[in-house]
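In this text, residue positions in the sequence shown follow the numbering used here: the first is 1326, and each later residue adds one. Presented below is the structure to which this report refers.
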Amino acid sequence: MTTTVPSATAAHDALIDRLPPDFRFGVATSAFQIEGATAEDGRTPSIWDTFCRVPGAVDNGDDGDIACDHYHRMPEDVALLAALGLDTYRFSVSWSRVQPHGRGPVNPAGIGFYDRLVDELLARGITPWPTLYHWDLPQELQDAGGWPARDTAYRFADYAELVHDRLGDRVEHWTTLNEPFCSAVLGHVEGVHAPGGRSLADGVRAVHHLHLGHGLAVRRLRSAARRPLDLAVTHLLGTSGPATGSPADREAARRADAFGFRFYLDPILRGRYPQDLIDDLVVHGIEIPVQDGDLATIAAPIDTLGVNYYRSMRSSGVDGGGASHDAHGVPITRNLPHGGLPLTGLGWEVMPHDLTELLLRVSRDYPGTPMVITENGAAYDDRPGPDGFVDDTARTAYLAAHLAAVAEARTRGADVRGYLAWSFLDNFEWSYGYAQRFGLVRVDYPTQARIPKRSAHWLRDTAHRVRGAAPRT
Ligand code: IFM
């Protein structure tokens, strides 16, 4: 990938021309990754507070106790967002702050923080876009069974309604869940995210109950709404083609697509689970715990599909030794990199072309749902130069290439209405701790100073040019 900053170039001009003036531009964050203040104003521990204390779970033993100290610096951070000239801010609400026991009454101090955040944003002309759940389940609900337990879906719907009761007079855009795949699979199957489980059966139950919680919440918000709402769910999506043309690899790609893609979109947008996934799970002795009426609830209409895109993988149906089944007779499905592509600081392959393909596929297979890119970005080990400026040319080029991929998908018919970069600030990158920096704004953790990087200036200028306005200085 070129490291030329594509600002004021012919390619940039072409990109500007391909996006409409009302195209949404913004940045995203999540509560646990930036807020800190984990023990203040009645907040109780979430599963991520607990997980951070498991030796070896998070690089460098990092935790969310201080993070970006956003809980105390929120007004200054919103002022910085305004200076970046972006129109939308996607943030998440901490369930443990707002409803500390995962059930029962609202915590006035907790919801008060989001109440003020929404007011600050609106006062500066920025659209607030809360996500109700970004992975930080109250620990008390985990102790009661967590997402593998059906009751958690009902607790989520109650919590969603409670947040909406307090903010719904001013907030139009809502996302129920961020990346249920990560909550369910990274958290319950692979053990690398909170709560650290390693059970496929729990992961499958968690997916279904996350979907159910989403559908229940959509219904509750719609019926409580005092104004038109734009309701979304955000999924982490990528493409998963076969590593080779062999039948084993093609079959592995189908399994990966069923488990990693259609498991999430089919129930919400088609009202059913994919039959081939159901069949694949039989091999593991697992059934999705669907009860009567669940699928109709889950398929309650949404207004926007949030797409988070970082990379795509390819699938192989054989292990390193060439075997196609493991010792239990389960077919091998291995995710492999494509190879030969530029890498981000996390070693993720940079593949903007796949974002175009992905958006076209969603448009083709699930027509009629507008999309917004609710996250896209890259970790790089960028540092301030001698003059203090952070010249993150690699991230800037990454954003430019992916925004161009979105423009290309739009030109070819995909209904994509906005692009929110991940992330506003460097922050707590889950099991990688603070070493991985995704921010368009650098956070100097010892002083908590915020330093907009070149990518932040680029996004600001791009947004202004698309709107037809001169870049703010
Ligand atoms: O930091 C995460 C975010 O919380 C969810 N989507 C992916 C990002 C980068 O890993």
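We put the beta carbon where it would ideally sit given N, CA and C, even for glycine.
Query raised in the report: Heavy atom of ligand 3 less than 8 Å from the Cβ of Leu1462, yes or no?
Result: Of the ligands this structure carries, namely ligand 1, none is ligand 3.
Query - Close Cβ partners of Phe1412 (< 8 Å) along its chain, the five nearest in sequence each way excluded - result: Position check: residue 1412 holds Asp in this sequence, whereas Phe was assumed. A distance below 8 Å between beta-carbons, with the five flanking residues on each side excluded, links Asp1412 to the following residues of its chain, in chain order: Arg1349, Phe1350, Gly1351, Gly1450, Ile1451, Thr1452, Ala1788.
**Report entry** His1459 beta carbon near ligand 1 (any heavy atom closer than 8 Å)
**Finding:** It does: the Cβ of His1459 is within 8 Å (strictly closer) of some heavy atom of ligand 1.
Query raised in the report: Going by alpha carbons, who is nearest to His1560 out of Ala1568, His1534, Arg1545, Phe1588?
Result: Phe1588
**Report entry** Any non-hydrogen atom of ligand 1 within 8 Å of Glu1674 CB
**Finding:** no
Query raised in the report: Are the segment 1634–1646 and the segment 1704–1717 in contact at 8 Å, needing three or more beta carbon pairs?
Result: no
Query raised in the report: Which residues mark the beginning and the end of the beta strand (DSSP E) in which His1337 is found?
Result: No beta strand (DSSP E) holds His1337; the alpha helix (DSSP H) holding it covers 1335–1343.
Query raised in the report: Where do the ends of the alpha helix (DSSP H) carrying His1459 lie?
Result: Looking at the DSSP string, His1459 is not in any alpha helix (DSSP H), and its letter there is neither H nor E.
Requested in this report: Provide the residue span of the alpha helix (DSSP H) that contains Ile1593, from first to last.
Outcome: 1588–1595
Query raised in the report: Looking at the structure shown, is Val1675 part of a helix, part of a strand, or coil, going by DSSP?
Result: coil
Query - Rounded straight-line distance, which links the Cα of Gly1610 to that of His1653 - result: 12 Å
Query raised in the report: Can you tell me whether DSSP reads Asp1350 as helix, strand or coil?
Result: Position check: residue 1350 holds Phe in this sequence, whereas Asp was assumed. Reduced to three states, the DSSP call for Phe1350 is strand.
Requested in this report: Over the uninterrupted beta strand (DSSP E) stretch that includes Trp1747, give me the two end residues.
Outcome: Where Trp1747 is concerned, the enclosing beta strand (DSSP E) starts and stops at 1741–1747.
Report task. Label Arg1441 either buried or exposed according to how many other C-beta atoms from any shown protein chain fall within 10 Å of its C-beta, with 16 as the threshold for buried. Result -> exposed
Query raised in the report: Going by DSSP, what residues sit across from Asp1468 in a beta bridge?
Result: BP columns for Asp1468 are empty, so no partner.
Query raised in the report: Can we count Asp1600 as close to ligand 1, meaning its CB is less than 8 Å from some heavy atom?
Result: The identity of residue 1600 in the sequence shown is Gln, whereas the question assumes Asp. No, the beta carbon of Gln1600 sits no closer than 8 Å to any heavy atom of ligand 1.
Query raised in the report: Enumerated in chain order, which unbroken segments of the alpha helix (DSSP H) with a length of 4 residues or greater are wholly contained in the segment 1514–1595?
Result: 1525–1549, 1572–1582, 1588–1595
**Report entry** Beta-carbon proximity check, Tyr1744 vs Ile1698, cutoff 9 Å
**Finding:** Going by C-beta atoms, Tyr1744 is nearer than 9 Å to Ile1698.
**Report entry** Secondary structure of Phe1763, DSSP reduced to three states
**Finding:** coil
Query raised in the report: Is the closest heavy atom of ligand 1 to the C-beta of Glu1585 under 8 Å?
Result: First, the amino acid is wrong: residue 1585 is Gly here, not Glu. False, no ligand heavy atom lies under 8 Å from that Cβ.
Query - Minimum C-alpha distance to Phe1438 - residue among Ala1719, Ser1508, Ala1362 - result: Ala1362
Requested in this report: For Gly1563, I'd like the list of residues in its chain whose CB is within less than 7 Å of its CB, leaving aside the five on either flank, ordered along the chain.
Outcome: Tyr1634, Arg1636, Ser1637, Met1638, Asp1679, Leu1683
Requested in this report: Take Asp1394 and list the residues in its own chain whose beta-carbon comes closer than 7 Å to its own, dropping the five residues that flank it on each side.
Outcome: Gly1361, Gln1773
Requested in this report: Only counting runs of 3 or more residues, tell me where the beta strand (DSSP E) segments fall wholly within the segment 1370–1428, in order along the chain.
Outcome: 1413–1417
Query - Three-state class that DSSP yields for Ala1625 in the structure shown - result: coil
Requested in this report: Check each candidate in Val1529, Asp1490, Ser1355, Leu1750 and name the one with the smallest Cα separation from Leu1462.
Outcome: Distance from the Cα of Leu1462 is smallest, within the candidate group Val1529, Asp1490, Ser1355, Leu1750, for Ser1355.
**Report entry** C-alpha distance - Gly1665 paired with Ser1421, whole-angstrom precision
**Finding:** 43 Å
Requested in this report: Let me know if Glu1700 comes out buried or exposed under the rule of 16 or more other beta-carbons within 10 Å of its beta-carbon.
Outcome: Per the 10 Å Cβ criterion, buried.
Query raised in the report: Terminal residues of the continuous alpha helix (DSSP H) containing Ala1781?
Result: 1779–1792
Query raised in the report: Grouping DSSP H, G and I as helix and E and B as strand, with all else coil, what is His1653?
Result: coil
Report task. Pull up the distance between the alpha-carbon of Arg1465 and that of Gly1427, whole angstroms please. Result -> Per the sequence shown, the amino acid found at residue 1465 is Glu instead of Arg. Distance between the alpha carbons of Glu1465 and Gly1427 is about 7 Å.
Requested in this report: Have a look at Ser1371 and Gln1467 and give me their C-alpha separation to the nearest angstrom.
Outcome: Between Ser1371 and Gln1467, the C-alpha separation is close to 9 Å.
Query raised in the report: DSSP beta-bridge partners for Trp1499?
Result: Leu1556
Query raised in the report: Between the segment 1567–1582 and the segment 1535–1547, do at least 3 Cβ pairs fall closer than 8 Å?
Result: no
Query raised in the report: Would you say the beta carbon of Ser1355 comes nearer than 8 Å to a heavy atom of ligand 1?
Result: Annotation for Ser1355 indicates a beta carbon within 8 Å of some heavy atom of ligand 1.
Query - For Arg1767 and Ala1404, the rounded distance between their alpha carbons - result: 15 Å
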